[in-house]
Structure formats: structure tokens, C-alpha cells
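Using my numbering, the letters of the sequence shown map in sequence onto residues 2 to 343. Inspection log for the structure reproduced underneath, given as C-alpha cells.
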Amino acid sequence: MTKTILRALAGETLPTPPIWMMRQAGRYLPEYRATRAQAGDFLKLCYNSDLAAEVTLQPIRRYGFDAAILFADILLLPQAMGADLWFETGEGPRLSTITDMAGVRALKPADAVHDHLAPVYETVRILARELPRETTLIGFAGAPWTVATYMIAGQGSKDQGRAHALKAQDRATFQALIDAITAATVEYLSMQVQAGAEVIKLFDSWAGSLKGQDFNDFAVKPAATIIAALKSRHPGLPIIAFPREAGEGYVGFAKATGADCVALDNSVSPEWAAENVQSTGCVQGNLAPEHMVTGGEALIRETRRVVQAFSKGPHIFNLGHGITPDANPDNVQLMIDTVRAG
Ligand code: CP3
């Protein structure tokens with residue numbers, strides 16, 4: 002029997018949607034915090050294949066999710082391309098910055114990222130061996146725009162201002178950076194698939210700040226390039242795209258990029274998305290992550306609402322963004338029970 006996630010991605014409407022959760026291996030779980038402490042810090046955890054596989058498996062053991070997502074981070078690829086990367090405790094990621102063409106030219110070529118990323122591929126191989134037979138293994142990377150925003154600013158920001166400024170002031174450098182990330186992403190994801198990833202997800206967390214033609218040039222186009230390259234190397238590979246906060250940009254995104262499924266944040270209503278996005282293919286996501294903190298009747302009501310709204314087409318149940326560290330693990334179980342009770 003084909004795995005439920007793969008059936009939904011192939012366009013099948015299932016009586017109960019398969020479930021997984023963004024950041025399902027994370028700080029809300031005591032067993033994650035223990036393994037992270039054992040590793041030393043977050044990056045050491047990402048590059049320790051045995052421990053990264055262990056934290057990937059923890060939420061599968063605890064909840065029986067239908068998919069496991071490789072434990073890694075979208076910023077490992079820029080690090081493999083030559084950027085310095087570290088995490089400031091309590092603040093988030095920091096990277097060396099790219100400000101001009103010399104900076105882009107100093108990056109490693111696309112096919113030179115594999116040595117650095119070898120432990121990630123090993124994590125995938127361990128997972129492909131150890132996951133339960135019914136669980137789908139998802140590999141991932143950041144989309145070029147989102148990765149570029151971190152490489153340009155050296156950290157996260159609310160408005161991605163420095164990336165927008167480089168795009169406006171030095172288009173050639175900006176485009177060269179997008180192209181370099183796009184090429185490296187194809188190599189990285191292709192190797193994840195060779196190692197055993199069954200589905201690929203592209204995270205474009207900051208797609209929502211690209212407006213008009215920019216959305217087409219820097220969210221749609223790089224995704225289309227990556228997806229076409231992956232599908233030509235790995236025929237039939239299902240791909241999920243997550244242009245977070247794209248709003249109206251969700252409409253037609255799957256067709257324009259070749260993605261098999263579009264992941265939805267929680268700024269759009271599930272009824273609107275069922276009509277305008279799911280009408281052309283599989284959708285995933287949409288439940289507000291806050292419900293994993295607050296629980297109760299509102300969690301049950303909104304979970305049922307998402308299931309109901311998407312019940313007439315292919316659907317993978319998920320949150321609209323990653324689960325937060327202050328979430329209560331019992332609320333995750335309540336969400337799963339609510340989805341599976343129908
Ligand atoms: O979903 C998963 O469980 C798979 C693993 C995964 C992580 N990050 C682990 C992680 C994935 C798919 C990501 C993607 C990622 N990383 C994105 C895109 C998705 C999104 O959330 O918008 C982005 C923008 C990053 C960059 C990043 N990594 C930031 C901004 C932070 C700090 C924020 C925070 O929560 O502290 C991280 C750290 C990070 N990546 C953690 C995890 C579990 C927390 C690290 C820890 O244990 O301290």
C-alpha cells in the first residue's frame with residue numbers, strides 16, 4: 002500500500018488527511034531538549050548524523066506522524082557555500098554578509114557543497130533505514146529568496162530590508178546570488194533524494210515581502226527552476242512549495258512552479274484556500290501554531306474547520322508555520338486525535 006502522504010501528493014482525496022507538523026522535532030519536546038544538550042548546541046546537533054536522526058524520529062515515536070522531516074536547517078547550505086554561520090543564544094542565526102559581486106564570486110560552486118553537507122546526507126540514509134514503513138521521509142531546503150535574505154543581512158529581519166535594498170541598488174549582484182543559491186540548492190536536494198528522501202519541500206518563509214513582478218522573478222522563477230531540474234533528475238519526485246504569506250500569490254503557484262502541493266500559512270482562510278488553491282491540487286497546512294500553546298475548545302474547533310474546508314480534495318494536515326517552543330505536547334495529541342476522529 003502506498004504511503005498516505007504520497008497518495009495525497011499524487012492528488013488523491015483521502016477520508017482522513019495524513020498529518021505532520023513543521024518543526025515537529027523541536028524545543029517543545031523534552032526529549033528534543035535532552036538530545037540537543039547531549040549534542041552541545043543546535044549546529045552540532047544538525048551535523049551529528051546519529052543525533053539528528055534520533056530527534057527526527059522522536060515525534061514519530063511519540064505521535065505516529067505520517068511524515069518525518071529531516072532534521073537540519075535551511076542555513077546549512079549557505080554555510081556549505083562558504084558563509085560563516087553561528088547561532089546567538091536567544092536571538093537566532095548570524096552569518097557573514099554578502100554585499101557585492103566579489104562576495105558572490107567567492108562562494109563555492111554548486112557541486113562543491115557536498116563534502117560539508119555529507120553528515121546531512123548520512124542523516125537521510127539512517128532515516129530511510131529506520132523509519133516505520135508507513136512514514137514518508139521529507140527532505141528540504143530554503144528557497145533562494147529566503148536564503149538570500151539571510152546571506153545579505155547576516156541575520157533575520159522583519160522586513161528583509163537589506164535584501165530589498167541590494168535588489169534595488171545592485172541588481173546584477175542580487176541576481177547572481179539568487180542564481181548561485183538556486184544552482185547549489187538543486188545539487189543539495191538531488192543528493193538528499195539519492196540518499197533516500199521521498200518528498201522535497203522548499204521553504205520560502207519570506208516570500209510574502211516580494212510584491213508584483215518581484216514575486217514572479219524571485220519566488221516563482223527560482224522555485225520553477227529547482228523543481229524542473231529535480232524532476233528531470235528524479236522523475237515522479239513529489240515537491241511541496243511553501244511561499245509563506247504569499248496571499249493572492251498562492252493562486253496558480255503550483256501550476257507556475259510545477260509543485261505538487263502548496264503549503265499554506267494561517268493568514269489565509271481555509272475556505273478561501275479550498276476554493277482558490279486546492280481547486281488545482283494538493284494543499285498542506287493552515288492551522289495557526291498558537292493553538293498548540295492554547296489548546297482547548299478553540300483548538301478542536303479550528304482543527305475541524307481546516308479538515309472540513311479541505312475535505313473535498315487532496316490535503317495534508319499541518320500547521321501554518323512551525324510549532325513554537327512554548328507549545329504543550331498534549332495539545333499536539335489533541336490535534337491529532339481531532340483530525341483522526343474525523
Ligand atoms: O521542520 C522541521 O522540524 C525540520 C527542521 C527545520 C529546522 N529549521 C530546525 C530548527 C527546518 C525545516 C527549518 C527551516 C528554517 N530554518 C526556516 C524556514 C522555515 C521557517 O521556520 O520559516 C528558517 C527561516 C530557518 C532559519 C532558522 N533556524 C531560524 C530563524 C532559527 C532560529 C529561530 C528559533 O526558533 O530559535 C533557526 C533554528 C532552528 N531550526 C531550530 C530548529 C528546531 C531551533 C534551534 C534550537 O534548538 O535552538
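Even glycine gets a Cβ: it sits at the ideal position worked out from N, Cα and C. These figures come from a predicted structure and were not determined experimentally.
- Looking at L77, A69, G91, the one whose alpha-carbon comes closest to that of D85 is L77.
- Contact between K256 and T281 holds, since their C-beta atoms are separated by about 6 Å, short of 8 Å.
- Under the DSSP assignment, T258 falls in the alpha helix (DSSP H) whose first and last residues are 254 to 258.
- Closest option to E55, judged by alpha-carbon separation, among T17, L128, R95, T3: L128.
- Nearest Cα to T258 within the set A224, Y29, F43: A224.
- Here the alpha carbon of F216 sits roughly 37 Å from the alpha carbon of Q59.
- Note: W87 is bridge-paired with R95 in the DSSP secondary-structure output.
- Here G93 has Q156, G157 as same chain residues with Cβ atoms under 7 Å from its own Cβ, once five neighbours each way along the sequence are excluded.
- DSSP lists no beta-bridge partner residue for V294.
- The secondary-structure analysis by DSSP pairs T17 with nothing; it has no beta-bridge partner.
- Out of L71, H165, Y151, R163, the CA that lies nearest to the CA of V125 is found in L71.
- Taking all protein chains in view, the Cβ of E89 is surrounded by fewer than 16 other Cβ atoms within 10 Å, so the residue is classified as exposed.
- Contact check between the segment 259 to 269 and the segment 283 to 298: three or more CB pairs, one atom from each, fall below 8 Å, which counts as touching.
- Take L211, set aside five residues on each side of it, and the residues of its chain with a beta-carbon closer than 7 Å to its own are W146, F219, A220, in chain order.
- Given a length threshold of 4 residues, each whole run of the alpha helix (DSSP H) inside the segment 99 to 144 is given here in chain order: 102 to 106, 115 to 131.
- When secondary structure is reduced to three states using DSSP, D205 falls in the strand class.
- When C-alpha distances from S270 are compared across R306, G143, A73, I227, the shortest belongs to R306.
- For E272 and F311, the gap between their C-alpha atoms comes out near 8 Å.
- Shortest gap from the CB of A26 to any heavy atom of the ligand CP3: under 7 Å.
- Per the coordinates, the alpha-carbon of L138 lies some 8 Å from the alpha-carbon of G197.
- In this structure E246 is in contact with A208, their Cβ atoms being roughly 7 Å apart against a cut-off of 8 Å.
- Excluding residues up to 5 positions away in sequence, I75, L78, P79, I182 lie with their Cβ nearer than 7 Å to the Cβ of V148 in the same chain.
- Under the DSSP assignment, P330 falls in the alpha helix (DSSP H) whose first and last residues are 330 to 342.
- Scanning the segment 57 to 84 for uninterrupted alpha helix (DSSP H) segments of 4 residues or longer gives 77 to 81, listed from N- to C-terminal end.
- For I324, the three-state secondary structure derived from DSSP is coil.
- The alpha-carbon of Y29 is positioned some 32 Å away from that of I228.
- Taking the Cβ of M23 as the reference point, at least one heavy atom of the ligand CP3 falls within a distance shorter than 7 Å.
- Taken from the Cβ of D74, at least one heavy atom of the ligand CP3 lies inside 7 Å.
- In this structure, the C-beta of I70 approaches the ligand CP3 to less than 7 Å from one of its heavy atoms.
- The shortest C-alpha to C-alpha distance from G253 to any of G83, A53, E276 is the one to E276.
- About 16 Å separates the beta carbon of I179 from that of L190, a gap too long to meet the 8 Å contact definition.
- For R24, the closest alpha carbon among the candidates M293, R8, A40 is that of M293.
- In this structure, R163 has its beta carbon at no less than 7 Å from each heavy atom of the ligand CP3.
- For F175, the enclosing alpha helix (DSSP H) stretches over residues 172 to 196.
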